[in-house]
Amino acid sequence: METDGKRMKRTRSVLTCVLAATLLASIAAPASALPALPPDGGNPGLQWTATADAPPTHPGVAIEWDVPITMSDGTVLKANVYRPADHSGTPIAEPTPVVLNMTPYTKLVGAIASQVIDTPGVSEILDMLARALNLGGTPLSGLGDMLSAIPGGALRSFAVDGDLVRNGYTQVVVDVRGTGFSQGVWNVLGEREQLDTVETIDWVSHQPWSNGNVGMSGISYSAVNQVQAASANPPALKAILPVESGGDLLRDIIAPGGGVGIGFLLPWLTAVNVLKLVPDVQSLAQGTFDQQWLRSRLEHPAVFFDLLMAALVTETVDTVPPGLETLLTEGSSIRTDLMARPENIAVPTMLYGGWHDIFTNSQPRMYNAIPLPPGHKQLIMGDTYHLNPAAQFGTPGAPPRLDVLQRAWFDRWLKGIDNGIDNYGPVTVKQQGGPWASLPSFPRPGMTYQRMYLDPEPSGTSPHSVHDGSLRTDTQSGGTLTLAPGLATLCSQDSAQGLAGITALLDACGKDSRIAEHAALTFTSAPVGAATQIAGPVNVHLETMLDTTDGYWTATLNDVAPDGTSTALTSGQLAASLRKTDDARSTRLPSGDYVDPFHLLTLDDRLPTVPGQITTLDVGLTATDAVLQPGHRLRVDIFAGNFPKGLLPRPLLNESQLAPQHLVLDPQRPSFVTVPTDVPLA
């Protein structure tokens with residue numbers, strides 16, 4: 026056992042103390058009697074923050090390193106167990122609720138991060154520096170947006186929340202099979218890994234330091250793992266708080282629109298496969314090194330790389346290897362494993378996502394699919410990327426810090442403290458171009474879908490693009506517009522999204538599409554006369570023509586400011602030959618127009634295009650919530666590619682030959698965008 030010793034007590038403002046004491050009586054009222062809460066939580070939010078920042082119940086944390094947990098097939102996983110402790114470092118005798126985090130990034134990384142965070146004064150200094158570094162109004166304001174995640178509390182979801190432990194929780198962090206110090210072969214969210222999680226939950230619930238109530242936390246991969254576990258309904262699991270979880274990894278990151286998500290997959294797979302090779306140095310020094318660990322690493326040093334490489338080097342559809350073919354087959358085991366089953370979740374779930382996260386495609390869908398009453402399920406969507414969850418949390422008008430929400434959520438569902446958190450939201454969104462808002466549902470009520478037609482007549486707003494067209498309520502002009510694949514999308518918000526936010530450090534890439542639009546056809550509306558809200562999924566209906574048997578189309582919906590800044594609100598992409606939809610899983614308007622097409626993305630359903638023949642495509646854009654301020658315009662950008670977020674698999678790339686692609690604009694067979702708005706667009 027080891028202890029972190031005495032920890033410096035956090036200080037709070039006198040005002041917060043007075044408000045917290047004044048509000049204590051009202052917070053104790055039954056949750057059902059409380060009104061819906063604003064984005065910052067209102068008075069209860071102040072109490073959640075006061076509770077999280079109060080001196081801890083226990084002064085120390087005792088750590089038991091690399092505890093073995095044997096799975097049903099004999100594979101041994103390794104866990105770090107963090108327990109509340111007294112001043113001497115002795116764990117308390119009282120059993121506590123347990124918060125479990127399953128990670129592929131090695132629990133050693135989380136342990137180091139938590140030691141840094143918990144070093145007296147370090148957290149406060151980091152928070153102060155991040156808040157003090159104001160880059161707003163500079164070309165690097167995107168860097169400031171990234172740094173603002175530090176005081177937002179997300180680091181404690183990724184690492185170990187020492188404050189949570191010191192206040193009467195045990196936290197268990199486990200290296201998933203084949204990663205960190207755990208034995209076996211990395212199963213990448215597969216069936217065996219999912220069973221491991223269920224077995225680990227059961228093991229945790231029966232330990233003497235556990236009172237049998239288990240919650241789960243964690244970011245990204247660990248969040249996907251939570252949703253999978255909750256879908257299996259293990260008896261001891263009582264609540265989850267997945268931060269940036271995906272629900273359909275094929276469509277989210279592996280093959281968005283049928284292209285290979287190389288921008289994210291390549292660096293991510295490299296990082297995990299390298300980290301899993303880091304040995305347990307202490308066991309080497311003590312002569313207790315795990316030979317089974319070494320054998321599994323030598324046998325499978327680069328998990329999943331075979332599928333990625335097959336997608337990038339296989340030359341024809343007829344020679345696709347079995348593994349890749351299985352991934353691209355509807356109902357296959359690997360494809361089923363990569364899909365969550367939120368409709369099976371029966372435990373309270375607070376989902377956090379971002380409008381430009383790599384998993385944006387799934388997050389609102391999962392919230393709507395969970396069969397729980399509002400409040401027992403909650404959705405928070407920030408205007409963030411994968412690398413800056415909870416940016417600006419804890420600032421005026423924004424939600425409380427993520428660690429504060431985590432504490433309140435687990436206090437409510439693991440300890441039974443009626444603190445009003447189930448009256449939060451249930452949908453809390455940072456409206457793009459607007460403020461934070463609390464909504465009763467997603468999409469926000471009051472939206473009506475409207476067609477806006479892509480017209481070749483110049484709008485006079487984007488002379489930098491391949492063609493400056495108009496977005497209109499009717500169309501009377503025609504013509505064929507041509508654009509070629511290029512690399513301008515390297516500097517785009519789509520690129521930033523696919524790279525988890527890296528290129529968003531530069532405003533010229535993350536907050537302005539004008540560089541990327543040098544390779545785009547643009548269609549721009551007249552300025553709106555009143556604030557116009559856009560909320561929900563969006564579909565771009567295109568009449569296209571190719572000179573080859575395949576191509577790759579990308580569409581974005583943009584907010585164009587009076588100064589010309591073009592900000593992408595949402596995007597989508599589609600390989601032309603993978604255009605077949607499953608109407609049972611798609612959403613259409615009574616008119617028949619798609620608003621949320623569900624493409625099968627399978628080799629069996631592939632429809633090669635006929636050169637020179639018009640082909641109809643419906644490119645679904647991820648759901649969004651935004652507002653066009655008076656004087657702003659709506660724009661649709663059309664690209665012939667989306668590198669590096671998506672790259673056609675080599676067999677389809679060979680068929681496309683990277684040839685120019687054509688958009689056929691014909692009033693009798695129009696191309697249009699179907700937009701959900703609260704004010705008719707002109």
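Its first residue numbered 26, the sequence shown is counted upward by one per residue in my numbering. Backbone N, C-alpha and C fix where the C-beta goes; we use that ideal spot for every residue, glycine too.
Query: Where V585 falls, given that 16 or more other Cβ within 10 Å makes a residue buried; Result: buried
Query: Close beta carbons around A174, own chain, < 7 Å, minus the five adjacent residues each side; Result: N413, P414, A415, A416
Query: The region 467 to 482 / the region 497 to 509 touching (three or more Cβ pairs under 8 Å); Result: yes
Query: DSSP-derived helix/strand/coil call for F761; Result: With the chain covering 26 to 707 only, the question about residue 761 has no answer from this structure.
Query: Three-state secondary structure (DSSP) of M364; Result: strand
Query: For P562 and G288, the rounded distance between their alpha carbons; Result: 24 Å
Query: I359 (DSSP reduced to helix, strand or coil); Result: helix
Query: Distance CB(A551)-CB(G535) smaller than 8 Å; Result: no
Query: C-beta contact flag for A651 and Q501 at 8 Å; Result: no
Query: Nearest to H624 (by Cα), restricted to the options A600, V635, P636; Result: A600
Query: For A371 and R191, the rounded distance between their alpha carbons; Result: 29 Å
Query: Contacts around L632, its chain only, beta-carbon distance under 7 Å, and the 5 residues preceding and following it disregarded; Result: S602, R604, K605
Query: Bridge partners - P399, DSSP secondary structure assignment; Result: K402
Query: Simplified DSSP state of Q417, which is helix, strand or coil; Result: coil
Query: Local Cβ density within 10 Å of G209, reported as buried at 16 or more and exposed below that; Result: buried
Query: The region 191 to 202 touching the region 217 to 231, judged by at least three CB pairs closer than 8 Å; Result: yes
Query: Straight-line gap, W438 to V429 (C-alpha atoms, nearest Å); Result: 14 Å
Query: Cα-Cα separation between A56 and V565, rounded to whole angstroms; Result: Because A56 sits at a pLDDT of 35, beneath the cut-off of 50, its placement in the model cannot be relied upon, and the point is left open.
Query: Beta-carbon contacts of G422 that lie in its chain and below 7 Å, excluding the five residues immediately before and after; Result: P64, D65, P460, W461
Query: Identified DSSP bridge partners for D273; Result: M364
Query: Beta-carbon proximity of S245 to E224, cut-off 8 Å; Result: no
Query: From G240, G379, L690, S490, residue whose alpha carbon lies closest to that of A261; Result: G240
Query: Continuous alpha helix (DSSP H) stretch holding T313: start and end; Result: Run containing T313: none; DSSP gives neither H nor E here.
Query: Residue(s) in a DSSP beta bridge with E89; Result: V106
Query: Given 8 Å, three or more beta-carbon pairs between the region 613 to 628 and the region 347 to 356; Result: yes
Query: For T595: DSSP bridge partner residues; Result: L582
Query: The alpha helix (DSSP H) enclosing Y246, as first and last residue numbers; Result: 246 to 257
Query: Proximity of G271 and F384 at Cβ, strictly below 8 Å; Result: yes
Query: T130 vs T195 beta-carbon contact at 8 Å; Result: Rather than Thr, the amino acid found at residue 130 in this sequence is Tyr. Cβ distance not < 8 Å, so Y130 and T195 don't count as in contact.
Query: Residue burial classification, A87 (beta-carbon count within 10 angstroms, cutoff 16); Result: buried
Query: Whole-angstrom distance between P399 and A54, CA atom to CA atom; Result: Only weak support exists for where A54 lies, its pLDDT of 31 falling under 50; the coordinates are left without a value.
Query: Other residues of its chain near L151: CB distance less than 6 Å, five sequence neighbours each side excluded; Result: I175
Query: For R217, the three-state DSSP class (helix, strand or coil); Result: helix
Query: Residue interval of the alpha helix (DSSP H) (run including Y619); Result: Where Y619 is concerned, there is no enclosing alpha helix (DSSP H), although the beta strand (DSSP E) it sits in stretches over 619 to 621.
Query: Backbone secondary structure at M472 - three-state DSSP; Result: coil
Query: N- and C-terminal bounds of the alpha helix (DSSP H) containing M375; Result: Element bounds for M375: not the alpha helix (DSSP H) but the beta strand (DSSP E), 374 to 379.
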